[in-house]
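S.K.: One structure coming up, written as structure tokens, with questions to follow.
2 protein chains.
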Amino acid sequence: MENIIPEALRKVVEEVSSLPGYGEKSAQRLAVNILNMPRGEAIQLIKTFMEMLEKIHPCRECGLYTEEELCPVCSDETRDRSTICVVEESFDAFAIERTGKFRGLYHVLGGRLSPLEEITAEDLNIESLVERVKKNPTKEVILATNPTVEGEATASYIYNLLKNMDITISRIAYGLPFGAVLENADDFTLAKALEHKTPI
Amino acid sequence: MENIIPEALRKVVEEVSSLPGYGEKSAQRLAVNILNMPRGEAIQLIKTFMEMLEKIHPCRECGLYTEEELCPVCSDETRDRSTICVVEESFDAFAIERTGKFRGLYHVLGGRLSPLEEITAEDLNIESLVERVKKNPTKEVILATNPTVEGEATASYIYNLLKNMDITISRIAYGLPFGAVLENADDFTLAKALEHKTPI
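Sequences listed follow chains A and B, in order. If you want this note's numbering, it's the 1-based position in the first sequence plus 26. If you want this note's numbering, it's the 1-based position in the second sequence plus 26.
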């Protein structure tokens, strides 16, 4: 009796379910939330998505999502062009940028190596990173992929590609997050926090 | 430094964040997932949403999302028109329909009473339910809102509106879900499961 789901709704749920991180339930919720909106607002929302697709593309140099050919970071002459911070997605760079602590350039991979999702090195902007490092006077590459199994694997894959070049390669630090309760930290994080202890 | 987020992307995140059940992070994830798709596929996805908004609307009688004026349930002459099953959303009805155990009609509220989200009785299809029951030869109304605090409140609000009419009003049963582990069930569910024990 499942065929009472109207075709146009079923298609949306099917397509959204195939996005990473979405399942059938979350796709249904999104579809129903949009159908429940006043129709004018819903159409406006969809138009905002379309506008995003028309205007936003990866920066020619670093892959950061931007409306210009060069992102605001790459086109900022005051940035330190000898340091490249490698992140999985644009929003990781936006988050680092909010700290105001980083003055170098970014390189956006567009994901992480994931055998399960069949994402290989060819699917990521890894070759263009190696080219950038070769062509530009780079002193340091900071690998700021996520502290997950897949982020670690991606960082170590890139490390192996770059290790014979005359540059410093660093990994973003593991440690206790601010506000954490020590006894609740997982063993790996706690071990890393001890290993990387810093003098006061 | 947050202003490196491009405007067209920020707008999508802002609008999606305002949907119920979405926060900033899940909105970012949706936006990036769509930007990461091959552009042609992404545009196709957005067009599928637009098509959904053009084709799908609530059934004139029961509020179920449908492409026709009357949904397949309301227009099916073999259905038992004296029983109305009241659900929060269309997907609840689709789920009940999949069981094949219900042969009556539906009534879709389009949500649940929620003081926190400022959803009042006027925002839901409650008045139209009372009208339907008055106008049609109804014998039973089954309140199948979710077994949550808000779903309960909605059911009891509707119960109070209908209780003086000459109909049976029932509530979908509480009990242990199939496959559950008894010792892990919450007290309320376990108490209800005992209270509503059925002879074997």
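The beta-carbon is built from N, C-alpha and C at its ideal position, and this holds for glycine as well.
Please indicate yes or no: does the CB of glutamate 41/A lie closer than 8 Å to some heavy atom of the ligand NAP?
M.R.: Questions concerning the ligand NAP fall outside what the structure shown contains, since it holds no ligand whatsoever.
S.K.: Does lysine 161/A get closer than 9 Å to chain B when you measure Cβ to Cβ?
M.R.: Counting from one through the first sequence, the residue named residue 161/A turns up at place 135. No, because no Cβ of chain B sits closer than 9 Å to the Cβ of lysine 161/A.
S.K.: Comparing the C-beta of phenylalanine 75/B with each C-beta of chain A, is any distance below 9 Å?
M.R.: Reading the second sequence from its first residue, position 49 is the one you call residue 75/B. True, the Cβ-Cβ gap to chain A drops below 9 Å.
S.K.: Can you check whether the C-beta of cysteine 97/A is within less than 9 Å of a C-beta belonging to chain B?
M.R.: Here residue 97/A refers to the residue found at position 71 when the first sequence is read from its first residue. Yes, cysteine 97/A lies at the interface with chain B (some Cβ there is under 9 Å from its Cβ).
S.K.: Under three-state DSSP, which class holds valine 99/B?
M.R.: The residue labelled residue 99/B in the question sits at position 73 within the second sequence. Here valine 99/B sits in coil by DSSP.
S.K.: Could you list the residues in the segment 45-66 of chain A with a C-beta less than 9 Å from some C-beta on chain B, going in chain order?
M.R.: Going along the segment 45-66 of chain A in chain order, one finds Leu45, Pro46, Gly47, Tyr48, Lys51, Ser52, Gln54, Arg55, Leu56, Ala57, Val58, Asn59, Ile60, Leu61, Asn62, Met63 and Arg65 with a Cβ nearer than 9 Å to chain B.
S.K.: Contact criterion: CB-CB distance below 9 Å. Does proline 32/A meet it with respect to chain E?
M.R.: You won't find chain E in this structure, because its protein chains are A and B.
S.K.: Taking CB distances under 9 Å as the criterion, tell me whether threonine 92/B reaches chain A.
M.R.: Here residue 92/B is taken as the residue at index 66 of the second sequence, counted from 1. Chain A, which has a Cβ nearer than 9 Å to the Cβ of threonine 92/B, makes this yes.
S.K.: Chain B beta carbons: is any one of them nearer than 9 Å to that of serine 116/A?
M.R.: In the first sequence, the residue the question calls residue 116/A occupies position 90. Serine 116/A counts as touching chain B.
S.K.: Give the straight-line distance between the Cα atoms of serine 43/B and leucine 150/B, rounded to the nearest whole angstrom.
M.R.: Here the question's residue 43/B lines up with position 17 in the second sequence. Here the question's residue 150/B lines up with position 124 in the second sequence. Near 22 Å, if we compare the C-alpha coordinates of leucine 150/B and serine 43/B.
S.K.: Are any of the Cβ atoms in chain B nearer than 9 Å to that of alanine 68/A?
M.R.: Residue 68/A sits at position 42 when you count from the first residue of the first sequence. Output row for alanine 68/A: interface = yes.
S.K.: Taking only the alpha-carbon atoms, compute the straight-line gap between leucine 71/A and glutamate 77/A and give it to the nearest angstrom.
M.R.: Residue numbering aside, residue 71/A sits at position 45 when the first sequence is read from its first letter. Residue numbering aside, residue 77/A sits at position 51 when the first sequence is read from its first letter. Cα-Cα distance, rounded: 10 Å.
S.K.: Kindly list the residues whose CB is nearer than 8 Å to the CB of alanine 57/B, restricted to its own chain and excluding five residues on each side of it in sequence; keep chain order.
M.R.: Within the second sequence, the letter at position 31 stands for residue 57/B. Contacts found: Leu35, Val38, Val39 and Val42.
S.K.: Express the C-alpha separation of lysine 223/B and glycine 201/B in angstroms, rounding to a whole number.
M.R.: Counting from one through the second sequence, the residue named residue 201/B turns up at place 175. Counting from one through the second sequence, the residue named residue 223/B turns up at place 197. Their backbone Cα atoms lie some 9 Å apart in a straight line.
S.K.: Please confirm if leucine 155/B has its CB atom under 9 Å from at least one CB of chain A.
M.R.: Along the second sequence, one-based indexing puts residue 155/B at 129. So no, leucine 155/B is outside the interface.
S.K.: Taking the alpha carbon of alanine 170/A as the reference point, which residue from Leu45/A, Glu123/A and Ile145/A has its own alpha carbon closest?
M.R.: Counting from 1 along the first sequence, the entry for residue 170/A is found at position 144. Measuring from the Cα of alanine 170/A, the nearest candidate turns out to be Glu123/A.
S.K.: Is the segment 128-146 of chain A in contact with the segment 83-102 of chain A, if contact means three or more CB pairs nearer than 8 Å?
M.R.: The segment 128-146 of chain A is in contact with the segment 83-102 of chain A.
S.K.: Based on the DSSP output, what are the partners of glutamate 166/A in its beta bridges?
M.R.: Taking the first sequence and counting its residues from 1, the one referred to as residue 166/A is at position 140. Answer is Thr109/A and Thr194/A.
S.K.: So is leucine 131/A buried or exposed if we call it buried at 16+ other beta carbons inside 10 Å?
M.R.: Counting from one through the first sequence, the residue named residue 131/A turns up at place 105. So leucine 131/A counts as buried.
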